[in-house]
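With the UniProt record's numbering, the residue at position 208 of the sequence shown is 208, and numbering never jumps.
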Amino acid sequence: MISLIFKLSDLTRRKIRTLEETALLIQGGEDSLLEETLEAYKPFIKKVVSRVCKRYIHETDDEFSVGLWAFHEAIMKYDTSKGSSLLSFSDVIITRKVIDYIRKESKDQHLSLTALEKEDEKDQVFNPIVDKLSIEHQKHQDQALARREEINEYTMILKEYGLTLQDVVKHSPKHEDARLNAFQIAQIIIEREELLGYLREKKRLPMKELEELASVSRKTIERNRKYIIAVTIILSEQFYYLRDYLKGRL
1 MISLIFKLSD
11 LTRRKIRTLE
21 ETALLIQGGE
31 DSLLEETLEA
41 YKPFIKKVVS
51 RVCKRYIHET
61 DDEFSVGLWA
71 FHEAIMKYDT
81 SKGSSLLSFS
91 DVIITRKVID
101 YIRKESKDQH
111 LSLTALEKED
121 EKDQVFNPIV
131 DKLSIEHQKH
141 QDQALARREE
151 INEYTMILKE
161 YGLTLQDVVK
171 HSPKHEDARL
181 NAFQIAQIII
191 EREELLGYLR
201 EKKRLPMKEL
211 EELASVSRKT
221 IERNRKYIIA
231 VTIILSEQFY
241 YLRDYLKGRL
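Put into structure tokens, the structure is as follows:
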């Protein structure tokens, strides 16, 4: 259902920088982007670390610091040729680093599995069973859970606007150029604090301002109102998986 909502043109790929594109710029020396990206994705990092630790994580917790450094490492090591998204890759790195940290800090942890531990070529202790279950299997479960949670949160926010996922699918523009125009209008909203504030407070589009800024008729905006609101919500809220999914198809 979600895939039906966001069939946008490849022409818009240049309009928005994906996380993967940002990573390449950072790898090329754009240090200012690194700081901005780390700050912007702190909620994502906390989500991953919280799932591993099975508790709420504060930014002052050591586990969060480990997760932050792991996300940094994921950005610097990300390779687009591998095919996976940076968020998926980051999830793996953060999970592994936090588990390693917990294992080192908690000497009594996993005592029942001590006999299964081995040493690698560098004499570092590891547990192949824990690694496989905790990193590979749990990774897919955690990512699936995170996506479901985001879709549930997204559905709840849509409800505040009197919308459902079914409404969004039903009223998605059928023509590519119409979808592109609607997406560009959503961009105008999130780039202007006063317009985004109006939308969040009034639960409706600032029609007069959009008509002037977007250079399209009021009728066109109204016809695509539900789709515009749906896209604006994803781009303006902390829906990292949905946003990554959306941008990957721009």
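Where is the CB? At the ideal position from N, CA and C, for every residue including glycine. Because the structure is a prediction, the values reported are computed rather than measured.
Whole-angstrom distance between residue j and residue i, CA atom to CA atom
| i | j | result |
| --- | --- | --- |
| methionine 76 | valine 98 | 18 Å |
| aspartate 108 | isoleucine 93 | Reliability fails at aspartate 108, whose pLDDT of 46 lies under 50, so the model's placement of it is uncertain and no value is given. |
| valine 168 | glutamate 150 | 16 Å |
| alanine 40 | proline 206 | 27 Å |
| residue 252 | leucine 34 | Nothing can be reported for residue 252, as the shown portion of the chain is limited to 1 through 250. |
| isoleucine 102 | phenylalanine 89 | 20 Å |
| valine 52 | arginine 218 | 48 Å |
| histidine 110 | glycine 28 | Note that histidine 110 has pLDDT 48, beneath the 50 cutoff, so the model's placement of it is unreliable and the number below is only indicative. In a straight line, the C-alpha of histidine 110 is about 41 Å away from that of glycine 28. |
| aspartate 62 | glutamate 105 | 11 Å |
| lysine 122 | aspartate 100 | In this prediction, lysine 122 scores a pLDDT of 49, lower than 50, which makes its location untrustworthy; the coordinate-derived value is nonetheless stated afterwards. Going by the C-alpha atoms only, they are around 16 Å apart. |
| glycine 83 | leucine 199 | 36 Å |
Proximity of residue i and residue j at Cβ, strictly below 8 Å
| i | j | result |
| --- | --- | --- |
| alanine 178 | valine 231 | no |
| phenylalanine 64 | lysine 46 | yes |
| histidine 171 | tyrosine 227 | yes |
| threonine 155 | leucine 165 | yes |
| lysine 202 | glutamate 160 | no |
CB contact check: residue i to chain C, cutoff 8 Å
| i | result |
| --- | --- |
| lysine 170 | Within the model displayed, chain C is absent; a lone protein chain is all it includes. |
8 Å CB neighbourhood of residue i in its chain, flanking five on each side removed
| i | result |
| --- | --- |
| leucine 235 | Ala186, Gln187, Ile190, Arg243 and Leu246 |
| histidine 58 | Phe64 |
| tyrosine 56 | Ser50 |
Own chain, CB closer than 6 Å to residue i, minus 5 neighbours either side, in chain order
| i | result |
| --- | --- |
| proline 43 | Gln238 |
Residues near residue i by beta carbon distance below 7 Å, same chain, minus five either side
| i | result |
| --- | --- |
| glutamine 143 | Ser88 and Asp91 |
Supposed close pair residue i, residue j - CB separation, criterion 8 Å
| i | j | result |
| --- | --- | --- |
| leucine 195 | glutamate 211 | Contact doesn't hold; Cβ gap of about 12 Å is too wide. |
| serine 85 | glutamate 20 | 7 Å |
| isoleucine 229 | leucine 180 | Rounded, the Cβ-Cβ distance is 17 Å, inconsistent with contact. |
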